[in-house]
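Position 234 of the sequence shown, counting from 1, maps to 235 under the numbering used here, and the rest follow consecutively. Yeah, the Cβ is synthetic: ideal placement off N, Cα and C, and Gly gets one too. Since the structure is predicted, the reported quantities are computational estimates derived from the model, not experimental observations. Working notes, structure below.
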Amino acid sequence: MDKRIIRFDGLGARRQYTILMMLYRLVFNRWLYGIFCRNLARFFAADNSVVLDLGQGREYRVYLNDGYWTRFYLYHRSYEPEVRATLDAAAGHTPLFCDLGANAGLWTVYASTLFDRVIAVEASKQTFERLSSNAKGLNHVDIRRAAIFSETGQMMNFVNVHNSHASAHLEQNGESGTHDSLENVETIRIDDLVPKDVAALIKLDVEGAEIPAIVGASRAMEEGSVLIYEDHGSDLASKVSMHLLDLGDICLYSIETGGDMVTELSQLKAIKTDHYKGYNFLAGRKNSALLATIIENFAKAE
Numbered sequence: 002m003d004k005r006i007i008r009f010d011g012l013g014a015r016r017q018y019t020i021l022m023m024l025y026r027l028v029f030n031r032w033l034y035g036i037f038c039r040n041l042a043r044f045f046a047a048d049n050s051v052v053l054d055l056g057q058g059r060e061y062r063v064y065l066n067d068g069y070w071t072r073f074y075l076y077h078r079s080y081e082p083e084v085r086a087t088l089d090a091a092a093g094h095t096p097l098f099c100d101l102g103a104n105a106g107l108w109t110v111y112a113s114t115l116f117d118r119v120i121a122v123e124a125s126k127q128t129f130e131r132l133s134s135n136a137k138g139l140n141h142v143d144i145r146r147a148a149i150f151s152e153t154g155q156m157m158n159f160v161n162v163h164n165s166h167a168s169a170h171l172e173q174n175g176e177s178g179t180h181d182s183l184e185n186v187e188t189i190r191i192d193d194l195v196p197k198d199v200a201a202l203i204k205l206d207v208e209g210a211e212i213p214a215i216v217g218a219s220r221a222m223e224e225g226s227v228l229i230y231e232d233h234g235s236d237l238a239s240k241v242s243m244h245l246l247d248l249g250d251i252c253l254y255s256i257e258t259g260g261d262m263v264t265e266l267s268q269l270k271a272i273k274t275d276h277y278k279g280y281n282f283l284a285g286r287k288n289s290a291l292l293a294t295i296i297e298n299f300a301k302a303e
């Protein structure tokens with residue numbers, strides 16, 4: 002049994018959890034696991050869930066009908082350790098952490114005891130409800146339902162991808178599937194979230210809207226804010242990373258390799274070897290004191 006589990010909530014949750022963990026050992030294909038997870042959930046209460054202990058009184062709820070979190074955080078247990086290491090390295094060196102594209106709020110909850118203030122933004126209505134539940138009662142945590150983009154105040158369609166909430170995204174080119182659902186959501190830019198003269202640590206997970214989001218973060222980055230962003234292995238051109246490098250005066254680091262500096266496309270290709278995986282990188286202006294401190298703390302931890 003997972004020692005992080007505080008309690009099982011909902012009728013049959015313990016039994017459902019046990020079946021899921023056995024199921025994953027038998028089904029190595031993640032797509033098949035997702036199908037089995039959703040179908041298994043039809044035989045149990047929809048609100049069956051597991052509450053996990055993140056330490057220091059922080060709790061995070063995983064619903065057992067969720068094929069993403071039950072696979073990546075219940076079975077595998079260690080989710081994006083490089084992001085956790087970055088938050089730890091930045092703690093005490095910035096008052097603000099922004100969790101943008103926060104999903105159900107894992108990093109929001111984890112960061113709640115590390116920073117003076119946390120801002121969490123999520124666009125999907127259903128996912129926002131789960132974020133709200135996980136963030137309930139946390140001090141100094143502000144949550145907002147919005148989509149991160151280059152401008153504030155636009156109303157745009159947000160695509161809830163059928164059977165894959167982690168792939169939900171803003172509709173920018175009419176790209177929605179037959180079974181996907183659309184929601185109208187207001188946009189907000191990063192420069193309108195981060196106060197002036199605050200160098201924030203910003204986790205950006207916006208599924209295809211990274212470049213518009215970075216455009217909307219120009220002032221925050223000029224003032225020393227640092228981005229944690231994803232560059233997916235399927236993008237052979239590494240468009241997000243190359244956009245950042247083309248801005249000039251930007252430093253990129255691969256946090257999955259312990260903070261190695263990246264300056265050209267060939268390095269990105271050497272790092273991103275799995276076309277089905279998203280890779281996390283760190284970016285900031287060369288004169289960012291926060292960025293220098295994080296990289297220095299990475300070196301100390303080796």
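| Quick one, which of Glu83, Gly102 and Ala112 has its alpha-carbon nearest glycine 93's? | What you label residue 93 is simply residue 92 of the sequence shown in a count that begins at 1. Ranking the options by Cα distance to glycine 93, first place goes to Ala112.
| query | Smallest Cα separation from methionine 243: which of Gly35, Glu224, Ser226 and Gln268? | reply | Indexing the sequence shown from 1 puts residue 243 at position 242. Nearest neighbour of methionine 243 by Cα position, chosen from Gly35, Glu224, Ser226 and Gln268, turns out to be Gln268.
| field | N- and C-terminal bounds of the alpha helix (DSSP H) containing alanine 92 | value | Sequence index remark: in the sequence shown, residue 92 carries index 91 (1-based). Following the DSSP letters along the chain, one finds alanine 92 in no alpha helix (DSSP H), marked with neither H nor E.
| said: What would DSSP say about aspartate 193, mapped onto helix, strand or coil? | reply: As a first step, residue 193 must be located in the sequence shown, where it is residue number 192. Here aspartate 193 carries a helix assignment [DSSP, helix/strand/coil].
| query | Which two residues bound the contiguous beta strand (DSSP E) that contains isoleucine 120? | reply | Here the question's residue 120 lines up with position 119 in the sequence shown. First-last of the beta strand (DSSP E) with isoleucine 120: 118 to 123.
| query | Are there 16 or more other CB atoms within 10 angstroms of the CB of phenylalanine 44, so buried, or fewer, so exposed? | reply | Indexing the sequence shown from 1 puts residue 44 at position 43. Phenylalanine 44 is exposed by the Cβ-count criterion.
| request: Keeping to the same chain, check which residues put their C-beta closer than 8 Å to that of tyrosine 280; ignore five residues upstream and five downstream. | output: As a first step, residue 280 is located in the sequence shown; it is residue number 279 there, counting from the start. Shown here for tyrosine 280: same chain residues with a beta carbon closer than 8 Å to its own, the five before and five after excluded, namely Glu231, Asp232, His233, Gly234, Ser255, Glu257, Ile272 and Lys273 in chain order.
| In whole angstroms, what is the alpha-carbon distance linking glutamate 303 and aspartate 275? | The residue labelled residue 303 in the question sits at position 302 within the sequence shown. The residue labelled residue 275 in the question sits at position 274 within the sequence shown. Per the coordinates, the alpha-carbon of glutamate 303 lies some 25 Å from the alpha-carbon of aspartate 275.
| Who are leucine 101's beta bridge partners in DSSP? | By one-based count along the sequence shown, residue 101 stands at place 100. By DSSP's assignment, leucine 101 forms a beta bridge with Val122 and Leu205.
| message | For tyrosine 230, report the span of its beta strand (DSSP E) as first-last. | response | Residue numbering aside, residue 230 sits at position 229 when the sequence shown is read from its first letter. Where tyrosine 230 is concerned, the enclosing beta strand (DSSP E) stretches over 227 to 233.
| field | Residues sharing a beta bridge with alanine 284, DSSP | value | Your numbering for residue 284 matches position 283 in the sequence shown. Per the DSSP secondary-structure output, alanine 284 pairs in a beta bridge with Leu228 and Leu253.
| In whole angstroms, what is the alpha-carbon distance linking threonine 71 and leucine 21? | Translated into positions along the sequence shown, residue 71 becomes position 70. Translated into positions along the sequence shown, residue 21 becomes position 20. Straight-line Cα distance between these residues: approximately 8 Å.
| said: Using only CA atoms, which one of Asp192, Thr95 and Phe150 lies nearest to arginine 118? | reply: For the purposes of this step, residue 118 is taken as the residue at position 117 of the sequence shown. Looking at the Cα atoms, Thr95 is the closest of the given residues.
| request: Could you work out which residue in Lys270, Ala284 and Gly285 is closest to lysine 278 when comparing CA atoms only? | output: The residue labelled residue 278 in the question sits at position 277 within the sequence shown. Nearest of Lys270, Ala284 and Gly285 to lysine 278, Cα basis: Lys270.
| Under 8 Å, do arginine 62 and asparagine 135 count as touching if we go by C-beta distance? | In the sequence shown, residue 62 corresponds to position 61, counting from 1. In the sequence shown, residue 135 corresponds to position 134, counting from 1. Yes, these two residues count as a Cβ contact at 8 Å.
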